[in-house]
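Take the sequence shown: its position 6, counting from 1, is numbered 6 in UniProt numbering, and each next residue is one higher.
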Amino acid sequence: MPRVPAHLRERALGMLQGGMRTADVARAINCNVHTVKRLRQRYRETGRTADRPRSGRPHVTTPAQDRYIRTSHLRDRYKMATTARVTPGKHNPSISAQTVRNRLREAGLMACRPVVRQVLTRHHRQLCRLWAQTHRRWTRQDWQKVLFTDESRFCLTRSDGRIRVYRRRDERYTEACTLERDRFGGGGSVMVWGGVSQHHRTELVVIAGNLNAVHYREDILLPHVVPFLQAHPDMTLQHDNATSHTARSVHDFLQDRNVSVLPRPAKSPDLNPIEHVWDLLDQRVRARAIPPRNVRELSGTLVEEWGNISQQELSNLVLSMRRRSTAVLNAAGGHTRY
Numbered sequence: 001m002p003r004v005p006a007h008l009r010e011r012a013l014g015m016l017q018g019g020m021r022t023a024d025v026a027r028a029i030n031c032n033v034h035t036v037k038r039l040r041q042r043y044r045e046t047g048r049t050a051d052r053p054r055s056g057r058p059h060v061t062t063p064a065q066d067r068y069i070r071t072s073h074l075r076d077r078y079k080m081a082t083t084a085r086v087t088p089g090k091h092n093p094s095i096s097a098q099t100v101r102n103r104l105r106e107a108g109l110m111a112c113r114p115v116v117r118q119v120l121t122r123h124h125r126q127l128c129r130l131w132a133q134t135h136r137r138w139t140r141q142d143w144q145k146v147l148f149t150d151e152s153r154f155c156l157t158r159s160d161g162r163i164r165v166y167r168r169r170d171e172r173y174t175e176a177c178t179l180e181r182d183r184f185g186g187g188g189s190v191m192v193w194g195g196v197s198q199h200h201r202t203e204l205v206v207i208a209g210n211l212n213a214v215h216y217r218e219d220i221l222l223p224h225v226v227p228f229l230q231a232h233p234d235m236t237l238q239h240d241n242a243t244s245h246t247a248r249s250v251h252d253f254l255q256d257r258n259v260s261v262l263p264r265p266a267k268s269p270d271l272n273p274i275e276h277v278w279d280l281l282d283q284r285v286r287a288r289a290i291p292p293r294n295v296r297e298l299s300g301t302l303v304e305e306w307g308n309i310s311q312q313e314l315s316n317l318v319l320s321m322r323r324r325s326t327a328v329l330n331a332a333g334g335h336t337r338y
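Next up, the structure:
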């Protein structure tokens with residue numbers, strides 16, 4: 001006999017409370033008399049008309065096997081459910097991969113994409129921890145005197161591997177289910193340079209070709225950085241440890257013009273807020289109704305959207321430096337959410 005819907009249970013309960021006989025209620029909702037009696041008894045015991053909790057299908061694994069599945073995947077976070085080996089018991093001669101996934105889900109372990117970061121050696125972690133420890137007590141007034149600079153490359157087309165297509169089993173190579181992409185990004189790319197501080201920003205400079213020490217000195221430092229720092233003499237320059245930045249000619253150039261540089265440990269993008277500015281810029285470019293179709297349009301779009309980023313967003317990123325330093329210390333110089 002089909003189950004009584006929830007609205008009919010409430011109706012039957014109302015009839016019973018109104019004084020109707022059990023047989024009349026059963027006839028009105030078209031069910032057995034014993035069903036109505038059990039419904040009334042359940043309401044008296046639990047105060048509800050919903051079904052009591054059921055045990056469900058019994059587990060095919062023992063509690064010891066559940067602990068083994070959880071512990072083995074905590075020891076090896078990249079172990080696949082299909083390769084998990086569980087000692088079978090008498091009542092479970094074989095355990096499927098789906099059972100392993102169910103036990104992991106019950107333990108709060110979900111299969112997620114790993115976060116990709118740069119390789120950090122022990123020396124890198126020590127330098128990051130030392131830098132964060134030195135600057136953790138810097139105030140807002142200290143950080144607002146730093147000009148954070150960096151370069152970034154933007155491609156016309158890209159794929160983050162998360163695009164999905166809904167298809168049938170035999171439609172893998174049909175035109176509607178095939179995504180055409182150039183193997184190495186395709187369409188060209190644009191490298192840009194920029195600098196931000198709590199209250200200011202530089203122009204976004206489009207870099208032609210690759211950036212070496214000569215181009216960095218003649219095309220970036222001389223026409224953009226030096227005039228900016230002369231207009232704000234209390235500010236300090238920060239750039240990363242790229243070879244074009246650490247070359248002797250660049251070092252002598254900055255020293256001759258009395259440009260103070262804030263040193264930065266290698267492989268520490270989480271200690272430069274401009275990395276998040278590049279993410280904001282990329283999101284704004286991708287969100288345009290008409291995306292750029294060639295390198296020239298991409299360059300113009302980047303320059304335009306650079307000016308559209310609010311100064312408040314840049315200020316918030318700069319003010320996060322104290323939190324970034326604390327996070328690096330808590331991670332012992334390792335990776336952080338920044």
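From the three backbone atoms N, C-alpha and C, an ideal C-beta is built for every residue, glycine too. On a predicted model such as this, the values are computed, not experimentally measured, just so you know.
Under 8 Å between C-beta atoms of residue i and residue j
| i | j | result |
| --- | --- | --- |
| residue 347 | residue 130 | Lying before the first or after the last residue shown, residue 347 is absent from the chain, which here runs from 1 to 338. |
| residue 25 | residue 12 | yes |
| residue 259 | residue 226 | yes |
| residue 319 | residue 140 | yes |
| residue 322 | residue 270 | no |
| residue 302 | residue 281 | yes |
| residue 61 | residue 103 | yes |
| residue 278 | residue 94 | no |
| residue 49 | residue 42 | yes |
| residue 314 | residue 132 | no |
| residue 326 | residue 136 | yes |
| residue 240 | residue 264 | yes |
Helix, strand or coil at residue i [DSSP, three-state]
| i | result |
| --- | --- |
| residue 193 | strand |
| residue 149 | strand |
| residue 201 | strand |
| residue 155 | strand |
| residue 225 | helix |
| residue 261 | strand |
Proximal residues to residue i (C-beta, below 7 Å), its chain only, five neighbours per side dropped
| i | result |
| --- | --- |
| residue 344 | The requested residue 344 is not part of the displayed model; the chain covers only 1 to 338. |
| residue 273 | 148, 317, 318, 320 and 321 |
C-alpha distance - residue i paired with residue j, whole-angstrom precision
| i | j | result |
| --- | --- | --- |
| residue 90 | residue 47 | Any reading at residue 90 must be qualified, since the residue scores a pLDDT of 49, below 50, and its modelled position is unreliable; the value itself is stated next. Near 42 Å, if we compare the C-alpha coordinates of residue 47 and residue 90. |
| residue 205 | residue 333 | 32 Å |
| residue 134 | residue 128 | 10 Å |
| residue 15 | residue 40 | 11 Å |
| residue 284 | residue 96 | 45 Å |
| residue 54 | residue 3 | 15 Å |
| residue 113 | residue 74 | 16 Å |
| residue 71 | residue 108 | 12 Å |
| residue 27 | residue 44 | 22 Å |
| residue 256 | residue 246 | 15 Å |
| residue 242 | residue 57 | 60 Å |
| residue 165 | residue 82 | 24 Å |
| residue 176 | residue 170 | 12 Å |
| residue 122 | residue 290 | 46 Å |
| residue 23 | residue 36 | 8 Å |
| residue 230 | residue 195 | 15 Å |
| residue 219 | residue 80 | 50 Å |
| residue 208 | residue 190 | 8 Å |
First through last residue of the beta strand (DSSP E) which encompasses residue i
| i | result |
| --- | --- |
| residue 238 | 236 to 238 |
| residue 206 | 205 to 207 |
Opening and closing residue of the alpha helix (DSSP H) in which residue i lies
| i | result |
| --- | --- |
| residue 276 | 274 to 286 |
| residue 79 | Segment: none, residue 79 is in no alpha helix (DSSP H) and carries neither H nor E. |
| residue 267 | Premise fails: residue 267 is in no alpha helix (DSSP H) and is neither H nor E. |
Cβ-based neighbour list, residue i, same chain, cut-off 6 Å, excluding 5 preceding and 5 following
| i | result |
| --- | --- |
| residue 31 | 4 |
| residue 268 | 128 |
Contacting residues, own chain, Cβ-Cβ under 8 Å from residue i (five flanking each side not counted)
| i | result |
| --- | --- |
| residue 244 | 211, 212, 213, 215, 216 and 250 |
| residue 52 | 42 and 46 |
| residue 236 | 145, 146, 147, 260, 261 and 262 |
| residue 115 | 335 |
| residue 99 | 60 and 61 |
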